[in-house]
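Below you'll find the structure, written out as structure tokens, and then a few comments.
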Amino acid sequence: MTDISVPDSDKPQNAQAKNGLILGIVGVLLALLGYIPGWLSFLGVVGAIAGLLALIAGIRGLRFASRQEGIGRNKALSGIILGVLGILIFGIYMALSVLWGMSVAEEVMSKASVQTFQGDGFTFEYSGQWQVADPSGISGCENSQCLAVLVIEKTSNVIVGRNPLGKEATLDEVGQQLLLETQAEPVSTDNIQVDGLPAIEYIWPKGEYYQDVVIFLSNGDLYTIVMTSSSEEAHRASKDEFDKILASFHVQK
Numbered sequence: 701m702t703d704i705s706v707p708d709s710d711k712p713q714n715a716q717a718k719n720g721l722i723l724g725i726v727g728v729l730l731a732l733l734g735y736i737p738g739w740l741s742f743l744g745v746v747g748a749i750a751g752l753l754a755l756i757a758g759i760r761g762l763r764f765a766s767r768q769e770g771i772g773r774n775k776a777l778s779g780i781i782l783g784v785l786g787i788l789i790f791g792i793y794m795a796l797s798v799l800w801g802m803s804v805a806e807e808v809m810s811k812a813s814v815q816t817f818q819g820d821g822f823t824f825e826y827s828g829q830w831q832v833a834d835p836s837g838i839s840g841c842e843n844s845q846c847l848a849v850l851v852i853e854k855t856s857n858v859i860v861g862r863n864p865l866g867k868e869a870t871l872d873e874v875g876q877q878l879l880l881e882t883q884a885e886p887v888s889t890d891n892i893q894v895d896g897l898p899a900i901e902y903i904w905p906k907g908e909y910y911q912d913v914v915i916f917l918s919n920g921d922l923y924t925i926v927m928t929s930s931s932e933e934a935h936r937a938s939k940d941e942f943d944k945i946l947a948s949f950h951v952q953k
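Residues 701 to 953, numbered by our numbering, are exactly what the sequence shown covers, in order.
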């Protein structure tokens, strides 16, 4: 008895299994390329679509294989696995994107929120990106009465101090005395107002730091509001927020 074998060319071809495998490979590659920042990120969506098509084609390929003695079964299974993998890769990317977006939105909302500091006889407003710190652990609070300390991301801090005047003096005289004591060389000196009162704002480098010093007199006391930054660039980045503190500063009469 002679066995009659059917040539491979005459066997039915499992095109769905082949398509599923190809789409699965393409889907995984595109889903991975979607992690690249920029305009290539849209490829992740294309990869997920290719993965879904690979899953559908693979399932159809399996059905075909079950009717045709398992022809293309391995290709169909590979297409299904790769299709699911492509969809999972895109799903992880989307989950990470959502978490990142939520963290950014939370940070923006935090920075946009306005807090009110209620001190001993004074108030001021500050944005949520500043954190209230313990004065005892801040350099510069050893020899003066620090009433408030704010810190922003370890690049700048603001210290509010108040000291009674030992004798009657004008604001200019107090400023000149301050320059003598600190031996500072201001790069900028401006006459401004704080709480409707005359004030002087000095900006000077201090070693590796950069300082913005504002002084004014109220109720017989000398108020000093000092922002110390880790660099001139950090000072520029925090200057607008510091100006908002000055604009909202109010001494209770």
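C-beta atoms are modelled at their ideal positions from N, C-alpha and C, and glycine is treated no differently.
Residue from the options whose Cα sits closest to the Cα of residue i
i       : options                            : result
Leu-743 : Gly-734, Ala-750, Gly-751          : Gly-734
Gln-883 : Ile-903, Asp-890, Ile-892          : Ile-903
Ala-833 : Arg-936, Val-849, Asp-820          : Val-849
Tyr-909 : Lys-854, Gly-751, Arg-760          : Lys-854
Lys-939 : Gln-877, Asn-774, Tyr-923, Val-913 : Val-913
Ile-736 : Asp-943, Tyr-923, Phe-790          : Phe-790
Asp-895 : Val-784, Gln-877, Leu-946          : Leu-946
Gly-907 : Glu-932, Val-728, Ala-731          : Glu-932
Glu-941 : Asn-857, Ser-888, Glu-881, Ala-869 : Asn-857
Gly-772 : Asn-714, Leu-732, Lys-944, Arg-763 : Asn-714
Cβ neighbours of residue i in the same chain (closer than 8 Å, five flanking residues each side left out)
i       : result
Leu-871 : Pro-898, Ala-899, Ile-900, Ile-915, Phe-916, Leu-917
Leu-886 : Note on residue identity: the sequence assigns Pro, not Leu, to residue 886. Excluding sequence neighbours, Pro-886 sits near Leu-879, Tyr-902, Ile-903, Trp-904.
Leu-865 : Val-874, Leu-917, Gly-920, Asp-921, Leu-922
Val-784 : Gly-751, Leu-755
Val-728 : Gly-747, Gly-751, Leu-782, Leu-785, Gly-786, Ile-789
Same chain, Cβ closer than 7 Å to residue i, neighbours up to 5 away in sequence not counted
i       : result
Ala-757 : Gln-716, Asn-719, Gly-720, Leu-723, Gly-779
Thr-823 : Thr-816, Phe-817, His-950
Ile-725 : Leu-782
Met-794 : none
Ser-741 : Gly-734
Classification of residue i by the beta-carbon crowding that lies within 10 angstroms, buried from 16 upward
i       : result
Met-927 : buried
Arg-862 : buried
Gln-911 : buried
Asp-890 : exposed
Leu-796 : exposed
Ser-766 : exposed
Gly-761 : buried
Ile-792 : exposed
Asn-774 : exposed
Val-804 : exposed
Val-814 : exposed
Residue range of the alpha helix (DSSP H) that includes residue i
i       : result
Ser-948 : 932-948
Gly-861 : No alpha helix (DSSP H) contains Gly-861, which is instead part of the beta strand (DSSP E) from 856-864.
Gln-829 : Taken as a continuous stretch (DSSP letters only), Gln-829 belongs to no alpha helix (DSSP H), as it is neither H nor E.
Ala-731 : 715-733
Thr-870 : Run containing Thr-870: none; DSSP gives neither H nor E here.
Residues of its chain near residue i, where Cβ-Cβ distance is below 6 Å and the 5 sequence neighbours each way are ignored
i       : result
Leu-799 : none
Cys-846 : Pro-835, Ile-859, Gly-861
Ile-787 : Ala-748, Gly-751
Ile-925 : Val-860, Val-914
Gly-821 : Gln-952
His-935 : Tyr-910, Ser-929
Leu-753 : Leu-723
Val-706 : Reliability fails at Val-706, whose pLDDT of 47 lies under 50, so the model's placement of it is uncertain and the value that follows must be treated cautiously. Contacts found: none.
Ile-892 : Ala-899, Glu-901
Ser-948 : Phe-824, Glu-825
Ser-888 : Ile-903
Where the beta strand (DSSP E) through residue i begins and ends
i       : result
Ser-766 : Taken as a continuous stretch (DSSP letters only), Ser-766 belongs to no beta strand (DSSP E), being part of the alpha helix (DSSP H) at 743-767.
Gln-911 : 909-918
Gln-893 : 888-894
Ile-903 : 897-906
Gln-815 : 814-818
Ile-925 : 921-929
Ala-848 : 846-852
Contact with chain D by residue i, beta-carbon distance below 8 Å
i       : result
Leu-753 : Protein chains in the displayed structure number just one, and chain D is not present.
Between the segment 775-792 and the segment 818-829, can you find at least three pairs of beta-carbon atoms closer than 8 Å? no
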